[in-house]
Every structure is written in C-alpha cells, then in structure tokens.
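Position 146 of the sequence shown, counting from 1, maps to 128 under this note's numbering, and the rest follow consecutively. Heads up, the thing below is written out as structure tokens.
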Amino acid sequence: MKRTLLSLFLASTLLTAHADEGMWMLTDLQKQNEVAMTELGLLIPIHEVYNPDGISLKDAVVHFGRGCTGEVISAEGLVLTNHHCGYGSIQQLSSVEHDYLTDGFWAMSREEELPCKGLTITYIDQIMDVTDYVEQQLQIDEDPHGTNYLSPKYLSKVCDRFLSEQGLVLEDGHTAELKAFYGGNRYYLFLKTTYSDIRMVGAPPSSIGKFGADTDNWMWTRHTGDFSLFRIYADRDGKPAKYSADNVPLKVKKHLTISLSGYKKEDFTFVMGFPGRNWRYMISDEVEERMETTNFMRHHVRDARQRVLMEQMLKDDAVRIHYASKYASSANYWKNAIGMNEGLVRLRVLDTKRKQQEELLERGRQTGDSSYQQAFNQIRHIVTQRRSALYHQQAIQEALVTALDFMAIPSTAALTKALKEKDKAKIAEETEKLKKAADRYFASIPHPEVERLVGKEMMRTYMQYIPREERIGICQVIESRFKGDSDKFIDACFDYSIFGSRENFDKFIAKPKLYKLNSDWMVLFKYSITDGLMKTAITMSQYNKSYNAAHKTWVRGMMELKQSKGQPIYPDANSTLRLTYGTVQPYSPADGIDYEYYTTLKGVMEKEDPDNWEFVVPEKLKQLYRTKNYGRYALPNGEMPVNFIVNTDNTGGNSGSPVFNAKGQLIGTGFDRNYEGLTGDIAFRPSSQRAICVDIRYTLFIIEKYAGAKHIIDELTIE
Ligand code: ARG
Ligand code: ASP
C-alpha cells in the first residue's frame, strides 16, 4: 500500500513538474502534450482545442490590438478582453465631459457602440511549420552578412515566395507572417485576418476595472474587475473593412461557451493567448546584464518621471485623462522590473541558471561536441563588451525618448534645406507642410507645462546616471551655455524654441529664418538624442554581430538536451499564439504565509479607502454587496467570486486570454501575475508562479447587476 502511494506520489510530482511550464505551440500539442494534458484532467480531445482542418477553440482566440489577447464570446463578434487592454481606447474616447475612465461606458444598443480609432483585432487562420522550406531558401540565397536567418525583411521575402509557390493570394485584410523560433532553429508561417472596425461595447469604471491600480498591480491577493468588451464589425459580406456606418457586427465562425460552475483547487485549466516575450534561454551573464541595465533604468528613471506625472494628474482632470494610458504603461513595467530584480536575488535565479547551463556544457563535454562551450564563451564575452553601450542606450531610451512627448517635434530638415538653397517656391511649400505638422504636434502636447516639468526631471536623472564624458552632445552645450544647469536648458527650450509654444511658432513661421532653425534649442536637443541613440546602436551592433549565431547554437543545445531526456520543448514567447496549461493552485510565498486560490467581493470592501483613488469602491457596488444581489453568479456559499489563480505559464501579452476548464468552457480572463513569480520570464518556478484571472462570474455580474446591461448577457452562450 505504502509503495503504491509512494509511486503515485512520485508520478504525480513528475507530472506536475512538467505540466505548468511551457508556452506550447498549437501545432505541437497533439504530438507533445495531449497525453500529459489528458492525464492532468483535460476532458476533450485535443482537436477541439486546435484543429488545422476545422473549427476549434483556437478560432475564438484573437490578438487584441498589438499587445493583448481577446476571446470571442458571442455569435455577433463580441470580444472580451481586459480593462487594461482596452485602456488606450477608453482613454482616447474620454474627455472631461465624457470621462469613461472614471465612470465606465455601456452601449445600451448597437448604435451606441463607439468606433475605436487605430484598434485592430486579428485572427490566426493557419499555422504552418515551414522550417524545411526556409532552410532550403537559406542555402540558395546569397547572405554576405550571415544574418538572413533572423532578418524580418529577408523572412518576409521568403514568405512571399512560399505563398506564390503555393498559389496563395492574399485578399484585403489578410496577411502572412513568417517568424523565426528557437533563435532561428525553426520557422512558422501564420496566415491572419485583421479587422479594423472595432467598437467599444462596455467598460466598467476604473474603480472596478483598475481597482487597486499600481499598489495591487502584479500582486496577489487581488480584487480587480479587469475586463472590457468590444465588437468586431465587417462589411456586409463579413469581410474586413475600415470603419463605415454601413458595417455590421461580424458573424463569427466560433464563439466560446461560458461556464458558471467555477473551479476548485487542483482543477485542470488551460489558457490560449499571445505571450509577448520571455528569456528562458538566456545564460546567467545575460540575466545579470538585464538586472543591471534594462531593469535598473526602468526602475529608477520611471520612478522619477512617474512622481512628477502623478502629482500633476491628481491636480487636474484634463491632465489625468491625457496621461492616464502613458502613465499606466510606464508604471506596469516599472514595478515588473523592481519585482523581477528582487526575485532574481531572493530566489537565487542565477544559481538555477548556472546549474542549467552547466548541464548542457557537461553534455557537450561527454558527447565531444564543443559547439555549446564555444557559444557559451562567446555570449559571455559579448555581454562584457556591450555592457556600457547597452546601459547608455537604456538611459537614453527611458529618460529622453519614451519619457519626453515634447521631443516628438516635427522635422525641420526640409525647410532648413529650402532656406539654405534660398528656393522661394520650395520655402513656401515646406512652410505650409511644417504648419500642418506643427498643428498636429501642438494638439498632441496639450499640457506643455507638465512636459516642462518632466523634461527637467528626466534631464537631471539622465545626467545622474551617465558620466559627463559619455553624455549626449547637448550636455556640453548645457555645461558651457547654462553652467551645467539642465533646468535652465529645459526652460530655454520652452521659452525660446519655435516649438516651445504656439506663439513662438506663429512668430517664426510668419518669416522663417535659417539661423533660427540652426540655433533652436528643441531642434538641437532632438538631433542630439537621435545622435546618441545611433552611436549606442552602432557600438552595440558591432559587439552583437556574433551574438545571434551563438544564441542559436545555445538554444539548439537546450532543445537537444530536453529531448534527450524525453521532455517536450517550447520556444521563447514571440507574440505568437500559444497554449499553456496547469491547475488552479494556491501558493505559499514565504514561511508562515498561505494564499487562497480565489478572492471575493468581501475583499474589495476590506480594501476600500475613499481617500485613496486606487481603492475607491463605487456606491452601487457597495449596495449590491450589502444586499448580496448576485443572482446566479454567486458561489454556493452566497459570496461573489472576483479573482483566482492558476499555475499556467503566462507572460505579458497573455492579458485578456481566455482561461478554460477541462471541458474547454470559459471560466475566466487572465490579466496579471503575482509578485513572487516575476522572475518567471527568466526561469519558471512552479512553486511560486501564478497567473491571476478575473472570474467570469464577476465579469457577468458587473455587466448585468452593476451596469444593467442585460442585453449583453442575452447574447452569450452560458452553461
Ligand atoms: N500587470 C498587468 C500586465 O502586465 C496589468 C497591468 C495593468 N496596468 C497597470 N499599470 N496597473 O499587463
Ligand atoms: N498583465 C500582463 C499583460 O498585459 C499579463 C502578464 O504579464 O501576466 O499581458
């Protein structure tokens, strides 16, 4: 008896050791994962999840915008995603009069659904393994730099060639993309359909959709109703079309069935979505590099910018709405960088990495294959050499590019040239062009006073981290003309540059003068930033020349190592469609602390703080809580579930992903991960890494009881 128990225990730990790690390619599921998934609890055949020759769950999973996932939940093109994924659109449609960020938005009829400029939704129609074809082409094509195998430009040429050989013609709205996987050891081609008439259907107020905001971001326990609803519109034939009042809701091939039965601890789940990037094949030196460059800059530079922005946002609603989305995206990976660095140290991830790489090096020694050792040595060497260029590049990128909206000034090069050549007709033409560009520029900078404050803070921060001799060129001017006082320099930008204010520009453009352009502070500043970026990029590319080849060899080694142990393999995330599976699991982040695997509305009330904007609870929600008016969405014990956690392998880009139960029914929407698991992008840690999901019952409760949008519920398929 004891023996069987022991072997059962061993078998199950072996299984769970592999179950949760992996962002699997759908094309490999049947071969690699079906058995393990079924053993862990999957109740449907894998071809209902992914079927290259027919309709499956995959056909209801869409790429939302450029960086998120969504799922189709009605026959008429209704798409569920996260509030933070719809945030950019909600913000764009908001004004001080119609503040959908604060108040939420619910279309009570189709006519009220709001078109979202620039938003797209993309279906993946077909996935093809074209590794053999690409390798053949690589043999045929000339490749003087030896970089073709990873070059998007080259791969897109090969893609076109492949399509024409197959006699495939792409209609409007259809595209093909050929991408490298496993560092260029494999290639897949994706046929896609992109819809660009997307309309906003519903969004809760931020006090629900963003409840807990940055304090709770990347944290469990969690109580956020992080969802929003959109609809795909198409022309009358169901074809992708740009916005038109005549377009109609898309009649979809597949939409998901929703289950209200919930989940228990240990229940099987799987998630499909578009994870963006992770770095499981990095060597330990690269992890250290990441900590000390990218993560360091994200932490410290964003810290400084966000402090300035938040102070201004809290003072003025127009400022708050304008910067809301920019602030959120900055804050998101600011906290991620802090948490990842903390975790890398606390969990001794470098040791884990060293152990992994030692295993591969040892295998190389045993099999007499020195290529891994060579690749390893090369990567280490490259990392040491590119270090200071990368550090500087990150500083410029964070402090002077991403942070400074006012540096998006229009180009004055053409007008400068015309003035130099004294070509009257050309001067007149370029003057008109610049006027238009300036109109767009000033419209995009409605709060120059905030930009001025951010500019000062960022310049000081940049100079704090980059030694004098290495700084971008404009810093010498700051030394000589402004006695090293960068605040005075930024003041000069806004006081005297032609783009410093509308008045300055109008004065200049009435009579454009060459000397003014040549000595314009903002124009000079912008040139200097561009120049600095270019210099760091050139230095980096010199050192990086042999990086890709070494990385490819290293990844090949890791693939072979796993396969030699009979383990399945998966490539690093690259914004392509993946599946990850696991179970509903609580966790224990530290000695003496045990976390439950779900939260309820009671916790929202416990966190309530009317004096802190991050934790305000809307009155209506409090009423529903007091009267326990949860309808059919309540738990058997009468509580309202809010969020839950699973041990699937998610990363940024998975937000909005459908979370399925064993029968392939929708039970939630992934939106975040836990703080203790943030090192997962580098090395998966099954014991402490969790994906955080909105319970579908909370989503439907908010739609029906809070928003009174029963017509949306009526569209859904609920079991
Ligand atoms: N951390 C989650 C993800 O990476 C949610 C982000 C929501 N944004 C925020 N700043 N709170 O996207
Ligand atoms: N919140 C992330 C996203 O937006 C998801 C994650 O990193 O787990 O994709």
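Beta carbons are placed, not taken as given, at the ideal position from N, Cα and C, and that holds for glycine.
Query: Is T651 near V676, with beta carbons less than 8 Å apart?; Result: yes
Query: Would you say the beta carbon of S637 is closer than 7 Å to some non-hydrogen atom of the ligand ARG?; Result: yes
Query: For M90, count the other beta carbons within 10 Å of its own beta carbon; 16 or more makes it buried, fewer makes it exposed. Which is it?; Result: exposed
Query: Under 8 Å between the Cβ atoms of F144 and T558?; Result: no
Query: Buried or exposed: where does D125 fall if 16 or more other Cβ atoms within 10 Å of its Cβ makes it buried?; Result: exposed
Query: To the nearest angstrom, how far is it from the Cα of A310 to the Cα of N64?; Result: 14 Å
Query: Can you give the Cα-Cα distance for D473 and R434, rounded to whole angstroms?; Result: 7 Å
Query: The beta strand (DSSP E) with M182 in it runs from where to where?; Result: 179 to 185
Query: How many Å lie between I551 and Y131 at the Cα?; Result: 21 Å
Query: Taking 7 Å as the cut-off, is the C-beta of D513 nearer than that to any heavy atom in the ligand ARG?; Result: no
Query: Under 8 Å, with one C-beta from each stretch per pair, do the stretch 390 to 408 and the stretch 273 to 291 reach the 3-pair mark?; Result: no
Query: Can you say whether S353 is buried or exposed, counting buried as having 16 or more other CB atoms within 10 angstroms of its CB?; Result: exposed
Query: In angstroms with no decimal places, state the Cα-to-Cα distance between V116 and A532.; Result: 20 Å
Query: I need the boundaries of the alpha helix (DSSP H) containing T521, first residue and last residue.; Result: 503 to 526
Query: So Y580 is in the beta strand (DSSP E); what residue range does that whole segment cover?; Result: 580 to 582
Query: Along the chain, where does the alpha helix (DSSP H) containing D654 start, and where does it finish?; Result: No alpha helix (DSSP H) contains D654, which is instead part of the beta strand (DSSP E) from 648 to 655.
Query: Any idea what DSSP makes of V598, helix, strand or coil?; Result: coil
Query: Of the choices R679, S479, H66, whose alpha-carbon is the least far from that of P388?; Result: Note that residue 388 is Phe in the sequence shown here, rather than Pro. The shortest Cα separation from F388 among R679, S479, H66 belongs to S479.
Query: Rounded to whole angstroms, what is the Cα-Cα separation between D631 and E95?; Result: 34 Å
Query: Is the distance from the Cβ of R369 to the Cβ of M522 below 8 Å?; Result: no
Query: Expressed to the nearest angstrom, what Euclidean distance is found between the alpha-carbon atoms of V566 and S243?; Result: 14 Å
Query: Cβ of K247 versus every heavy atom of the ligand ARG: is any distance shorter than 7 Å?; Result: no
Query: Kindly indicate which residue of Q375, A57, P600, F683 has the alpha-carbon position closest to the one of R614.; Result: F683
Query: What is the DSSP secondary structure of C98, counted as helix, strand or coil?; Result: coil
Query: Among F212, G514, Q379, I28, whose alpha-carbon lies nearest the alpha-carbon of G70?; Result: F212
Query: Assuming S639 and V253 make a contact with CB atoms under 8 Å, what is their CB distance in whole Å?; Result: 5 Å
Query: Cα separation between Y497 and D114?; Result: 59 Å
Query: Using the rule of at least 16 other Cβ atoms within 10 Å of the residue's Cβ for burial, across every protein chain shown, is V599 buried or exposed?; Result: buried
Query: Among the candidates R362, P27, M322, C98, whose CA atom is the shortest distance from the CA of R655?; Result: M322
Query: For D654, verify whether its CB is less than 7 Å away from any heavy atom of the ligand ARG.; Result: yes
Query: Let me know the secondary structure DSSP gives E701 once reduced to three states.; Result: coil
Query: Can D196 be considered in contact with the ligand ARG, in the sense that its beta carbon sits closer than 7 Å to one or more heavy atoms?; Result: yes
Query: Applying the criterion that 16 or more other CB atoms from any shown protein chain within 10 Å of the CB defines a buried residue, is H80 buried or exposed?; Result: exposed
Query: Look up P231 in the DSSP assignment and say whether it is helix, strand or coil.; Result: strand
Query: Can you determine whether any heavy atom of the ligand ASP sits closer than 7 Å to the C-beta of A531, and answer yes or no?; Result: no
Query: Would you say the beta carbon of A216 comes nearer than 7 Å to a heavy atom of the ligand ASP?; Result: no
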